[in-house]
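Heads up: the sequence shown runs through residues -21 to -1, 1 to 278, numbered per mature numbering (1 follows the signal peptide of the UniProt record, and there is no 0).
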Amino acid sequence: MKKINLLFLVFIFFASHMCFAQDEAAIEKEILELHKPTKKIRDSIFGLQKAIVSKIEIEKDSIIKNQLILQLDDLENVKDQNDINELKLDFVFAKNHPNSPRALKLIRIHVGRFIGMNFYDTFVEVFENFTPEIKNSEKGLEMAEKLKYFKQSKVGSPAPDFEAKDINSKNISLANFKGKKYILIDFWASWCGPCREELPYIKELYKKYQAQGFEIISVTKDENSDLWKKAIAKEQIEAWKHISILENNSSIDKDYFVNGVPHKVLIDKNGIIIGKWKGSGEINKHDLQKQLKTIFEAE
């Protein structure tokens, strides 16, 4: 009798495992179908971008080259919007599959990306809709931790405080600027091309508003301090504050939910995050410029 019971339990285990595998395979197929329209648009954009890059590489006329670069930037914005549209579809899909690990994975990969930056409340709503088994799984607990850092670093939240030594071994504390200055934290690295391409316009902003109470704290993700220091000298950006995550053994990037560079955070005099920009691009530049202009003209 015991042998029969054991065989029955083994049969139930394998049967349930096979059903689960079939369910997940079906869900994977549903996701592929769900993404077909946005994938088609994404592939089309990649093709157009590739063609423009080829033209830029051989173009001699600087005016035409700049026009092509702007076209490339416009396409990048279209791609971002397409990705956001796909994310919205994924939110609905995940809500309709609350017991699926694959559905959790579907939204978890987006939580720290640019396209998910303005959807904190939706991420929380969808995550809370998952079953306890999914939320308490290893990946579920990872998602919960990501949401914690997302919340404390989003626009409207008090900026996480930090203390560190700068490039000149002077102590810097975010709290020391409270009530005195607006702070732009610029997460970057010497090896990051887009980060360095943005430095000329960042220097212009600093030159324009520094006397009115604007300060920049650049936080590098460099793992080579010599390259970091050489980049600062070469770009002539010694005027503002510089911090190395490595040299300070700091968790500032984790506290501000930084998953890639460039990444900028604007903090007001009350220590509240009032702006956040992931990645580069003309829209981000214009948005930051517009916000600073509004702040300092109003004052």
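Built from N, CA and C at the ideal position, the CB exists for glycine as well. Keep in mind the model is a prediction, meaning the values are calculated, not measured.
| Asked | Found |
| --- | --- |
| Beta-carbon proximity of I86 to D62, cut-off 8 Å | no |
| Enclosing beta strand (DSSP E) for F166 [first to last residue] | 161 to 167 |
| Contact the region 113 to 120 vs the region 144 to 157: 3+ CB pairs below 8 Å | no |
| Range covered by the alpha helix (DSSP H) that runs through E142 | Careful: E142 lies outside any alpha helix (DSSP H), inside the beta strand (DSSP E) at 142 to 144. |
| Contact with chain C by P179, beta-carbon distance below 8 Å | You won't find chain C in this structure, because it holds only one protein chain. |
| Counterpart residues of W256 in DSSP-defined beta bridges | K243 |
| Continuous beta strand (DSSP E) stretch holding S229: start and end | Taken as a continuous stretch (DSSP letters only), S229 belongs to no beta strand (DSSP E), as it is neither H nor E. |
| Cβ distance (whole Å) where F129 is taken to contact Y161 below 8 Å | So it is not a contact: roughly 23 Å between Cβ atoms. |
| Contact under 8 Å by Cβ, F106 with I10 | no |
| Classification of T199 by the beta-carbon crowding that lies within 10 angstroms, buried from 16 upward | buried |
| I195 vs D165 beta-carbon contact at 8 Å | yes |
| Enclosing beta strand (DSSP E) for E194 [first to last residue] | 193 to 199 |
| First through last residue of the beta strand (DSSP E) which encompasses H221 | 220 to 223 |
| Inter-residue spacing [alpha-carbon to alpha-carbon] between E176 and S169 | 11 Å |
| Segment limits, alpha helix (DSSP H) that includes N75 | 41 to 75 |
| Rounded C-alpha distance that separates A(-1) from H76 | Confidence in A(-1) is poor, its pLDDT being 49 and thus under 50, which makes the residue's placement too unreliable to answer from. |
| C-beta atoms of F236 and G135 nearer than 8 Å | no |
| Proximal residues to D52 (C-beta, below 7 Å), its chain only, five neighbours per side dropped | G260, E261 |
| Three-state secondary structure assigned by DSSP to I216 | coil |
| Backbone CA spacing between K74 and E65 [nearest angstrom] | 14 Å |
| Cβ distance (whole Å) where L271 is taken to contact K243 below 8 Å | Actually they are not in contact, since the Cβ atoms of L271 and K243 sit about 11 Å apart, beyond 8 Å. |
| contact_flag[the region 109 to 116, the region 186 to 195] where n(CB pairs < 8 Å) is 3 or more | no |
| Opening and closing residue of the beta strand (DSSP E) in which N263 lies | Taken as a continuous stretch (DSSP letters only), N263 belongs to no beta strand (DSSP E), being part of the alpha helix (DSSP H) at 261 to 277. |
| Strand pairing of S152, partner residues [DSSP] | E142 |
| Neighbour-count burial assignment, I37, 16 or more Cβ in a 10 Å radius | exposed |
| Same chain, Cβ closer than 7 Å to Q28, five either side skipped, listed in chain order | L51, L54 |
| Cβ neighbour criterion (16 or more within 10 Å) applied to I94 | buried |
| Option nearest L83 by Cα separation, candidates F102, M96, N97 | F102 |
| A138 and I274 closer than 8 Å at C-beta | no |
| Residue closest to N97, alpha-carbon to alpha-carbon, out of R81, N115, D140, K133 | K133 |
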